[in-house]
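Trainee:
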Amino acid sequence: VRRSGPRGALLGIAGALLGALGASAAHAQGRYESALLGGRSALLGGTGVVLGVDGAAPFLNPATIIRIEDRNIAFSSAFFRYAHRTLEAWHQPGPVDAALYGDLRLDRATVTDQGLDSLPDATCYFFDVKRGARDAEPRRARVGRQTFAACLAKTEENEFGFDALRFSGQSASRRVNQAQTFRYAWGRFSAGPSWSYRATERLAVGVSLSAVRTRYTSALDVASLVEDTGTGAASSVTYQAALSGDSWDGLAHLGATYRLSPVFSAGLSVRTPSVHLFDSLDASHHDTRATGTAAVRTWAGEGEFVAPSPARLAVGASAEWSRLRLELDGFFYLGQREFARASVDREEIAVDGGAVTSRRRSRLDLVEGAAPIVNVGLGAEVFLTRDLSLLGGAVTDFNALSGLRGPMSAESKLFLERMSGVHASLGLVSYTRFGDLVFGARFDYAAGQMAAVNAFASPVRLDPIDCREIGATLVLAGRISLRTVEDVAREIGDAVEGSAAPPPERATPREPMRAPAQED
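With mature numbering (1 follows the signal peptide of the UniProt record, and there is no 0) applied, the sequence shown covers -28 to -1, 1 to 492.
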């Protein structure tokens, strides 16, 4: 069925909104720019400290929500994220125990993995509570205007894994068979209210309060069998480790924007250190080595998982001309002695020769610290016509966690990945009187280290390997006015009853578009 232009645009935006609200979630520890926050901001290089007008605004600088029209829903959805990761020497990450395995040197030990995911990111509702005195410049927010917002967003994310990864190889009169399953997921979810106030023609201030849930899950299973091809003797190793932790915290964002001139503006926002509320943690570990007789060590327990969000200072500068908008932002994250801490009260059991040799209770503490980090984002919007513009940007994404130095105890690290990266993006935005629609892609490259299980060492340990990843994500984002939804519902009702009336004319929204000086 062919639809008319305005009605088709409206239904397309509404359908995209419903898709964003109904999609299933998916996609780094220590990488603060990893999430596609806000959609539009993500395509502008993660910027928005000065000119933010989407679901990222309350988390980048709440003062910018004053720029958004009354009674709007902003949404973003990342879908069809493709990632290709290479893990060097994954199946033999370090030196072997020569007494057990000889001079073992496996070929084809590098692993590549690729996947396709679908995920939503942010949804916000914006509404005015006060109509202030009208500003002398109509396209800017009125002095005295107040805007509230309620938002839910994923502000950090990292996922990776593979299932039933098989390997077989032969070296130094040894035949090796391995099977591995590995999955981990890290995410921060924030929800809460925001408020912004236009104090003067030049100054706007804002604050947002957020409840933050940090969730981390990991599961690693390794089974390795080594056969001596000369004697037929065999030894086997199994290693299993699993963890599931939740940390609930509260924090605030404080921000301000200031218009320096008709062209240039500046913004500043501060994210406070978080206040820990409550948490939960469950963890287990099991390893077995069988060389004639089996030696088993296993434990399980529960405890605390604390993962506070680091304090952040963000500064930005922007320029707006008739057909071009630029923004440059810097994000400074303070270091933390405890970026994440897991404390497990556990019961350890050891088995040797088919009998339990020890059983004791102990406490395991794992702490990951974070160094201070600075990331920089640059975004540009070029108006091709009055209602259509091209977006582009780039942002650095450095890892705040310390590097991996091997060999490491299998119980010494909470996180097994250390990767830094860069994100670049390109997209289009269409402005209509029904709302805005943003479509584009973000491209990622990251490189660093991962810790891999070395099943050829005694005892089993972790060794660092080199890894790299490239990825691309299609992004759909935008804003839709609730008045549009109400009008559609009313028109549908009138059409059913046969009493449809002509829709009222409505001007193009004041924000986020800054109209070119000349008509097209």
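Glycine included, every Cβ here is placed at the ideal spot set by N, Cα and C.
Count the CB pairs spanning the segment 236 to 256 and the segment 267 to 281 that are closer than 8 Å, and state whether there are at least three.
Mentor: With the cut-off at 8 Å, the segment 236 to 256 and the segment 267 to 281 touch.
Trainee: Using 10 angstroms around the beta-carbon of PHE132, count the other beta-carbons present and answer buried if the total reaches 16, otherwise exposed.
Mentor: Along the sequence shown, read from residue 1 onward, the residue named residue 132 stands at position 160. Under this definition PHE132 is a buried residue.
Trainee: Quick check on this structure: which residue in SER196, SER208, SER216 has the alpha carbon closest to the alpha carbon of THR189?
Mentor: As a first step, residue 189 must be located in the sequence shown, where it is residue number 217. Nearest option by C-alpha distance: SER216.
Trainee: Tell me, which residues are paired with PRO436 by DSSP?
Mentor: Taking the sequence shown and counting its residues from 1, one reaches residue 436 at position 464. Partner(s): ALA423.
Trainee: Buried or exposed: where does GLU41 fall if 16 or more other Cβ atoms within 10 Å of its Cβ makes it buried?
Mentor: Taking the sequence shown and counting its residues from 1, the one referred to as residue 41 is at position 69. GLU41 is buried by the Cβ-count criterion.
Trainee: Just to confirm my understanding: we take CYS96, look at its own chain, exclude 5 residues before and 5 after, and list those with CB closer than 6 Å. What are they?
Mentor: What you label residue 96 is simply residue 124 of the sequence shown in a count that begins at 1. Around CYS96: GLY27, ALA46, ALA121, CYS123.
Trainee: Just verifying my parser: in three-state terms, what is the DSSP assignment at ILE45?
Mentor: Position 73 of the sequence shown holds residue 45. Here ILE45 sits in strand by DSSP.
Trainee: Check the C-beta distance from GLY74 over to SER145 and give it rounded, since I have them as a contact under 8 Å.
Mentor: Locating residue 74 in the sequence shown gives position 102, counting from the first residue. Locating residue 145 in the sequence shown gives position 173, counting from the first residue. Contact holds; Cβ gap of about 7 Å.
Trainee: Tell me whether the beta-carbon of ALA238 lies closer than 8 Å to the beta-carbon of GLY164.
Mentor: Position 266 of the sequence shown, counting from 1, holds the residue named residue 238. Position 192 of the sequence shown, counting from 1, holds the residue named residue 164. Going by C-beta atoms, ALA238 is not nearer than 8 Å to GLY164.
Trainee: By how many angstroms is the C-alpha of SER281 removed from the C-alpha of ASP89?
Mentor: Residue 89 sits at position 117 when you count from the first residue of the sequence shown. Residue 281 sits at position 309 when you count from the first residue of the sequence shown. Approximately 26 Å between the Cα atoms of the pair.
Trainee: At a cut of 8 Å, does the segment 295 to 314 reach the segment 341 to 358 through at least three beta carbon pairs?
Mentor: Output reads yes: the segment 341 to 358 touches the segment 295 to 314.
Trainee: Expressed to the nearest angstrom, what Euclidean distance is found between the alpha-carbon atoms of ARG335 and GLU319?
Mentor: By 1-based counting over the sequence shown, the position of residue 335 is 363. By 1-based counting over the sequence shown, the position of residue 319 is 347. Between ARG335 and GLU319, the C-alpha separation is close to 9 Å.
Trainee: Which residue from ASN130, SER140, VAL25 puts its Cα closest to that of ARG77?
Mentor: Within the sequence shown, residue 77 is the residue found at index 105, counting from 1. The shortest C-alpha separation from ARG77 is found at SER140.
Trainee: Measuring CB to CB, does ALA342 end up less than 8 Å from GLN308?
Mentor: Here residue 342 refers to the residue found at position 370 when the sequence shown is read from its first residue. Here residue 308 refers to the residue found at position 336 when the sequence shown is read from its first residue. Yes, Cβ-Cβ distance for ALA342 and GLN308 is below 8 Å.
Trainee: How many whole angstroms separate the CB atoms of PRO379 and ARG433, which I take to be in contact at a CB cut-off of 8 Å?
Mentor: Here residue 379 refers to the residue found at position 407 when the sequence shown is read from its first residue. Here residue 433 refers to the residue found at position 461 when the sequence shown is read from its first residue. Sure, about 5 Å apart at Cβ, within 8 Å.
Trainee: Less than 8 Å between the C-beta atoms of SER196 and LEU32, yes or no?
Mentor: As a working note, residue 196 is residue 224 in the sequence shown. As a working note, residue 32 is residue 60 in the sequence shown. Cβ atoms of SER196 and LEU32: not closer than 8 Å.
Trainee: Note the first and the last residue of the continuous alpha helix (DSSP H) segment covering LEU15.
Mentor: Start at 1 with the first residue of the sequence shown, and residue 15 comes out as number 43. LEU15 -> alpha helix (DSSP H) spans 12 to 15.
Trainee: Residues in the same chain with beta-carbon distance under 6 Å from ALA372, minus the five sequence neighbours each way, listed in chain order, please.
Mentor: Position 400 of the sequence shown, counted from the start, is the residue given in the question as residue 372. Within the same chain, ALA372 has close Cβ partners GLY2, ALA342, ALA343, ILE345.
Trainee: Using three-state DSSP, classify LEU8 as helix, strand or coil.
Mentor: As a working note, residue 8 is residue 36 in the sequence shown. Of the three classes helix, strand and coil, the one that applies to LEU8 here is coil, per DSSP.
Trainee: Can you give me the C-alpha to C-alpha distance between GLU199 and ARG147, rounded to a whole angstrom?
Mentor: Counting from one through the sequence shown, the residue named residue 199 turns up at place 227. Counting from one through the sequence shown, the residue named residue 147 turns up at place 175. Cα-Cα distance, rounded: 5 Å.
Trainee: My output table needs one value for ASN175: the three-state DSSP class, helix, strand or coil.
Mentor: The sequence position of residue 175 within the sequence shown is 203, counting from 1. A small fix is needed here, since residue 175 is Leu in this sequence, not Asn. Three-state result, LEU175: strand.
Trainee: Can you check whether the CB of PRO34 is closer than 8 Å to the CB of SER166?
Mentor: For the purposes of this step, residue 166 is taken as the residue at position 194 of the sequence shown. For the purposes of this step, residue 34 is taken as the residue at position 62 of the sequence shown. Yes. Within cutoff.
Trainee: Which of the three DSSP states is assigned to LEU76 in this structure?
Mentor: Position 104 of the sequence shown, counted from the first residue, corresponds to residue 76. Three-state DSSP puts LEU76 in coil, outside helix and strand.
Trainee: If you drop the 5 nearest sequence neighbours on each side, which residues of the same chain put their C-beta closer than 6 Å to that of PHE236?
Mentor: Numbered from its first residue, the sequence shown carries residue 236 at position 264. Excluding residues within five positions, the ones whose Cβ falls inside 6 Å are ALA291.
Trainee: Let me make sure I understand the geometry here. Which of ASP359, THR265, GLY420 has the alpha-carbon closest to that of GLY393?
Mentor: Taking the sequence shown and counting its residues from 1, one reaches residue 393 at position 421. Closest by alpha carbon: GLY420.
Trainee: With DSSP collapsed to three states, give me the class of ARG358.
Mentor: Residue mapping note: residue 358 aligns to position 386 of the sequence shown, counting from 1. It is coil, neither helix nor strand.
Trainee: Rounded to the nearest angstrom, how far is the Cβ of ILE38 from that of ALA228, given a contact under 8 Å?
Mentor: For the purposes of this step, residue 38 is taken as the residue at position 66 of the sequence shown. For the purposes of this step, residue 228 is taken as the residue at position 256 of the sequence shown. Incorrect: roughly 11 Å between the Cβ atoms, too far for contact.
Trainee: Please name the residue or residues paired with ASN371 in a DSSP beta bridge.
Mentor: The count along the sequence shown starts at 1 and reaches residue 371 at position 399. Answer is ARG3.
Trainee: I'd like to confirm the pairing. Which residues does DSSP put opposite PHE411 in its beta bridges?
Mentor: For this step, residue 411 is matched to residue 439 along the sequence shown. According to DSSP, PHE411 bridges with LEU400, LEU448.
Trainee: Count the other CB atoms within 10 Å of the CB of LEU360; is the residue buried (16 or more) or exposed (fewer)?
Mentor: Start at 1 with the first residue of the sequence shown, and residue 360 comes out as number 388. Result: exposed.
Trainee: Straight-line CA distance for ALA427 to ALA183?
Mentor: To locate residue 427, count along the sequence shown from 1; it is residue 455. To locate residue 183, count along the sequence shown from 1; it is residue 211. Going by the C-alpha atoms only, they are around 41 Å apart.
Trainee: Tell me the rounded alpha-carbon separation between GLY(-7) and ALA94.
Mentor: As a position in the sequence shown, residue -7 is number 22, starting the count at 1. As a position in the sequence shown, residue 94 is number 122, starting the count at 1. Confidence at GLY(-7) is low in this model, with a pLDDT of 33, below 50, so the placement of that residue should be treated as unreliable; the coordinate-derived value is given next. Rounded to the nearest angstrom, the two C-alpha atoms are 12 Å apart.
Trainee: Going by CA-CA distance only, name the one from ARG269, GLY375, LEU400 that's closest to MET391.
Mentor: One-based indexing of the sequence shown puts residue 391 at position 419. Looking at the Cα atoms, GLY375 is the closest of the given residues.
Trainee: With 16 as the cutoff for other CB atoms within 10 Å, does ALA70 come out buried or exposed?
Mentor: Locating residue 70 in the sequence shown gives position 98, counting from the first residue. Exposed: under 16 other Cβ atoms inside 10 Å.
Trainee: DSSP state of PRO30, grouped into three classes?
Mentor: Here residue 30 refers to the residue found at position 58 when the sequence shown is read from its first residue. If DSSP states are grouped into helix, strand and coil, PRO30 belongs with the helices.
Trainee: Using 8 Å for Cβ pairs, my map puts ALA366 next to VAL410. What's the rounded Cβ distance?
Mentor: Against the sequence shown, residue 366 aligns to sequence position 394. Against the sequence shown, residue 410 aligns to sequence position 438. Going by Cβ atoms, the distance from ALA366 to VAL410 rounds to 17 Å, so no, they are not a contact pair.
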